[in-house]
Structure formats: structure tokens, C-alpha cells
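In the working numbering, the protein residues as written are 544 to 978.
We put the beta carbon where it would ideally sit given N, CA and C, even for glycine.
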Amino acid sequence: MRFLDLIEKKKVGKALSKEEIFFFIKGYTADEIPDYQVSSFLMAIYFQGMNEEETAYLTQAMMESGEIIDLKEIHGIICDKHSTGGVGDKTSLSLLPMVAACGVKIAKMSGRGLGHTGGTLDKVESIKGFQIQLEEERFKKQVNTIGIAIVGQSNSLVPADKKLYALRDVTATVNSLPLIASSIMAKKLASGADKILLDVKFGSGAFMEDAVQAEALAKMMIKIGNHLGKEVNVVISNMNQPLGNAIGNALEVKEAIATLCGEGPKDFEELCIEAGSIMLLQAKVVSSLEQGEETLRKVIEDRTGFKKLQELVEAQGGDVQQILDPQQLPKATSIISLPSIEEGYIKCMHTLELGVLAMKLGAGRSTKEDVIDPAVGIVLRKKVGDYVKEGESLAEIHTNFDLPQDWKDAFYQSYVWSKQKVEKEKLIYKVIRNV
Ligand code: URA
């Protein structure tokens, strides 16, 4: 087989066979096909797309390019959750302990944040001592004993994706539905869970610009799951404003704790309950979504989700005192309140800009080598639909250095105002169940 013939075939929009797709992934992972040919091939995929079967074969080939985690030693149904990324997205920190407290096994492998979106690993690492590298045996034992573990993704998981993603990033081919769907699903399938819940986000702070694109991606990932024998359910959620109020690692841990105690922002709590009910149903812990919702509300009320977070932190060497008293989490040297310079209703927020500001403060990375400052970030005091008077605080900036004026200007420019009343946008646009 010659790779050049595969490029020709995709260039004119023909479907590739399973053998051809496996030839591509094996050859590229083994450095036998050069980047310049793969760049051209990716661009052909970008313009011509891939059908359902091709996308499933691409996912399977990528999944099989490295280690596939075997979680058979874990008793019970193991559920995994993945978000396509957003600003202020601390869902894993609240949702997973809540679901684990109901008896679902959570063996979570997470990634770090890059760019304006945060990563779960960076957030848990703002807790002093929290270990994200666990030996495989210890990882499985912890899931069997306390029902939950959150660790860093193994380097040997889906090596094909690491190479391909880096190349896509520099060849303007990230934004292709079959390439995104196969990249996400290969990692999820290689991580070994029985059931998968995906939170596909759309809006100004997300990968997918609108709900239509998000739904197309969601359906593609469900079909990949069907081809490869895994149940995948999806929540499509709105990222046209940050999730909850806090953006930044320790600040988000604090908000996740408040949510587990019933004192968090209502939009964030709603997402945890809706997504959590689906996970409980997937794991057959409840027999309806309503029962799931009721169960999770109780887990917040009696604080068993909060206790599960404490167990998780303790098991992974973290400082439980910081969970019991979040004031002990890392704190920035100054908190600067930014007052509104407008009066009216907030019509929308450029979430991406707020994510970028948090990143510049040190809450995220612009390159893989950047070091995170766990203490810094933004706490929103007003959100879309709120009426704000001039001079009222819009947000607090937690920072370890003086804010340059152009950063403040960028903050103000990320708000769009209306004199007319603005309806609050729905956070959950749609749930797509695959049962
Ligand atoms: N997240 C991934 O893991 N892969 C993509 O291609 C896009 C988002």
C-alpha cells in the first residue's frame, strides 16, 4: 500500500477502507509516514470529511495505537465523563464525587488545561499534596475501595492522537468533526470504562461555536460508541458564559466544594444534577432520571458527595484540611474588584476573552511548559440576564501582580449590554440518550 494513493483517494472524496485507515495510523505512529504527507491527508479529510464507518475505524485504529486500560478487576459498573472543554468547568470535581457516593465506580483519567480552557488535573493539584500519578494497581484498588480515583492520563494511551493532535494544531486541521470525534473517543475508549457520559459544549468559550455543530459532534461520538460496543450519552451545554462563577484552579475547587454542600451557583448545580442523573441511570443505580435527580439532591443535602471528595483527597495524599476549610486553599495577594462602567442588563459575555484573561493571570497555560499559579483567577459577581448599576462589582480579579490597563479594557470589552430585559440562556440545550 502506498500512502500517496490514500491521499489521492481522500482528496477526491472517496471512502477509505478499514485496512487503509489502519495502515495510516500504524505507519504514522511508527514514524514511517512523514508529517508533510499526513498534513496533506488531514487537509483532505478536513474538506472531504469521513463517513460513519471510516470515523469508527479511525477511532479504533487510534485507540489500538497504544495501551488499552483493563479495568476488569474493578467490581461494578465503571462510568467515565468527559467535557469538550470550557471556561470555569469544574464539573468533574463536584459531579464525580456525587455519583461515586451513589455507588457508581469512577476511574477517571484526566488531562491538563491548554489555552483558555482549564484541566481537571490542574484544579486538583491546587490541593496541597494531591498525587495525580498512581501506579495502575493502586489506582484500581482505590476505585474498588472508595469508588473513585482521578489520575493523569498515561503517556502510553493513544500515542497516535498525541502526534496527530500536534500536527493538526499547526496545520489548521483541528476543527474537523471526524478528527475531533475520533480523537476524543479513542482516548475515552482506551481508558476502559463501561459507560461514557460526554458534556459537549458550544458557544463563545467552547470548541463548537453553536448548538447545531455541537449536536453533530455529539451524534458522531454516539455512533462511534455504537460501532465499538460502548454506551455513550451526551449532554449538550451552553458556554456562552462561564460555568458557575469561578474561573481559576483553587477558586474552582472552592466553588466545587460549595456546590457539594448545596451552596454553589445554581447553573453549575443544575449541570451536575442533570449529567449525574444520566450517569446513575447508565450504571443502573436508579431506574429513571427523576429518581436520579432525587438521589443526587439528597447526596448534596446529607453531604455524602462532600464526604466522598474528602475520601478521594485523603486517598491521593491531598490535604483534607483544605477541603474542610477552603480558606486554606492557595490565595492570591490581591483581589481587585472591577466595577461596572455601564448600567443595564448583561446581554452576553465573550467567554473566550474571560478565559484568556484568567490564563494571562496565570490560571492556565499558553504553552505546555508554562507553570500554573493555582491561586489566581476571576470570580464573577454578575452573569447574563442580570441588571447591573454603574459602579456595582462585575467581578473580582484574584491576582499576584498589578493588572495592566489593557487587560482591564479587555475585561470590559467582553461584556455586551442591553437596556431591555434579557432572558437568561438555558444552560442545558439538549440531552441525547443512547440506550
Ligand atoms: N479534544 C480532544 O481531545 N481532541 C480534539 O480533537 C479536540 C478536543
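Query	Result
Chain-ordered list of residues that sit, by beta carbon, closer than 5 Å to a heavy atom of the ligand URA	Ile723, Ser726, Ile727
Threonine 663 and leucine 814 closer than 9 Å at C-beta	no
Residue span of the beta strand (DSSP E) that contains leucine 753, given as start and end	Going by the sequence as given, residue 753 is aspartate instead of leucine. Element bounds for aspartate 753: n/a, residue is neither H nor E.
Where valine 743 sits in the DSSP three-state scheme	strand
Span separating the alpha-carbon of serine 560 from that of glutamate 597	7 Å
Ranges of the alpha helix (DSSP H) found wholly within the region 559-631, counting only runs of at least 4	561-572, 578-591, 595-606
Own chain, CB closer than 7 Å to proline 640, minus 5 neighbours either side, in chain order	Ile691, Leu803, Gly848, Lys851, Leu852, Leu855
Under 9 Å between C-beta atoms of valine 581 and leucine 710	yes
N-terminal and C-terminal residue of the beta strand (DSSP E) that proline 882 is part of	877-882
Sufficient close CB pairs (3 or more, under 8 Å) joining the region 779-789 to the region 894-902	yes
Pair within 9 Å by beta-carbon distance, aspartate 929 and isoleucine 866	no
Isoleucine 611 versus Asp578, Ala818, Gln696, Tyr600, residue with shortest Cα-Cα distance	Gln696
Alpha-carbon to alpha-carbon, isoleucine 727 and valine 974	19 Å
Below-9 Å beta-carbon distance, glycine 807 vs any chain C residue	Structure shown: chain C not included; a single protein chain is present.
DSSP-derived helix/strand/coil call for leucine 677	coil
Alanine 558 versus lysine 552: straight-line alpha-carbon distance, rounded	8 Å
Alpha carbon of asparagine 718 to alpha carbon of glutamate 680, nearest angstrom	37 Å
Alpha-carbon spacing of alanine 818 relative to arginine 545, whole angstroms	45 Å
Cβ pair count under 8 Å reaching 3, the region 874-891 against the region 749-765	no
C-alpha gap between valine 796 and glutamate 886, whole angstroms	32 Å
Nearest candidate by alpha-carbon position, reference methionine 586, set Leu601, Ile550, Met606	Ile550
Cβ contact (3+ pairs, closer than 8 Å) linking the region 947-963 and the region 821-834	no
Option nearest asparagine 698 by Cα separation, candidates Glu678, Thr688, Gly661	Glu678
Whole-angstrom C-beta distance between histidine 893 and serine 957, which should lie under 8 Å	4 Å
Rounded C-alpha distance that separates proline 737 from lysine 624	Looking at the sequence itself, residue 737 is aspartate, so the reference to proline does not match. For aspartate 737 and lysine 624, the distance between alpha carbons rounds to 11 Å.
Extent of the continuous alpha helix (DSSP H) run through asparagine 792	792-803
Alpha helix (DSSP H) segment containing leucine 664, residue limits	663-667
Expected contact under 8 Å - CB spacing of isoleucine 689 and serine 653 to nearest Å	About 17 Å; that fails the 8 Å criterion.
Environment of glutamine 603 [buried if 16+ CB atoms lie within 10 Å]	buried
Between the CA atoms of lysine 874 and alanine 644 - distance to the nearest angstrom	29 Å
Reduced DSSP secondary structure (H/G/I, E/B, other) of histidine 770	helix
Cβ shell of tyrosine 708 (< 7 Å), same chain only, five flanking positions each side left out	Ser726
Best match in Leu547, Lys903, Gly934, Gly860 for proximity to isoleucine 884 [C-alpha to C-alpha]	Gly934
For leucine 732, the three-state DSSP class (helix, strand or coil)	helix
In DSSP terms, what tryptophan 960 is bridged to	Ile889
Where proline 947 falls, given that 16 or more other Cβ within 10 Å makes a residue buried	exposed
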